[in-house]
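Numbering (my numbering), first residue to last: 121 to 189. For each residue, glycine too, the CB sits at the ideal point set by N, CA and C. Notes follow once the structure below has been shown.
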Amino acid sequence: MEKTIKALDGKLGKMVEMGKKQLAYKIKNVREAAFFNWSVELPAASVVQLDKKLTVDHEVLRHLLVIED
121 MEKTIKALDG KLGKMVEMGK KQLAYKIKNV REAAFFNWSV ELPAASVVQL
171 DKKLTVDHEV LRHLLVIED
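And the structure:
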């Protein structure tokens, strides 16, 4: 993730590891997953590229991007 964000001219902020949790249902035959909360600053044009990269990444089961004004 760090390499991807830096490649998109972004700045890494605070990263909080929320630990492993059991999922309510299987996603790609996985029952347990590690959860992270990243604070990142990106140019507006790079947000779409990051979303596409997270969607394609086989290690990321689900992701959510929240944009602050």
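Asked, Found
"Inter-stretch contact at 8 Å, needing at least 3 Cβ pairs: the region 152–161 / the region 124–136", "yes"
"Rounded C-alpha distance that separates residue 146 from residue 153", "10 Å"
"Which listed residue (144, 142, 137, 177) has its alpha carbon closest to that of residue 124", "177"
"Residue 170, buried or exposed, once every other Cβ within 10 Å from all chains shown has been counted against 16", "buried"
"Rounded C-alpha distance that separates residue 189 from residue 150", "35 Å"
"Of the listed residues 139, 165, 140, nearest to residue 187 (C-alpha basis)", "165"
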